[in-house]
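Data first, discussion second: the structure below is written as structure tokens.
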Amino acid sequence: MGARNELNKYHIVGSLGVAGILGLATGSVAVFVIASAAMIGAALYTGEIRPRSGGPRQDGRRRPRPDDR
């Protein structure tokens with residue numbers, strides 16, 4: 161398993177852990193579900209969780225590299 165997958169896993173487990181604490185503190189499953197969805201969604205939106213690798217583009221073109229001039 162690569163580093164990207166490990167980081168994604170830790171972000172998801174951390175989000176579920178915090179949501180679990182909030183759910184237990186309030187005694188509500190709804191709070192757990194809403195908090196976990198919000199935190200995982202925010203991590204996806206900000207790019208902390210990266211679902212795809214930096215592999216080839218879908219249109220077949222190569223991604224530019226920093227050393228390409």
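Per my numbering, the sequence shown starts with residue 161, numbered consecutively. Glycine included, every Cβ here is placed at the ideal spot set by N, Cα and C. Just so it is clear, the structure is predicted and the values come from calculations on it, not from any experiment.
Under the criterion of beta carbons closer than 8 Å, V189 and G183 qualify as touching, at roughly 6 Å. Here A163 is exposed: its Cβ has fewer than 16 other Cβ atoms, across all protein chains shown, within 10 Å. By a beta-carbon distance limit of 8 Å, N168 contacts I209. Their separation comes to about 5 Å. Rounded to whole angstroms, the separation of the alpha carbons of D227 and M199 is 36 Å. Taking C-beta separations shorter than 7 Å and ignoring five residues to either side along the sequence, V173 has no partners in its chain.
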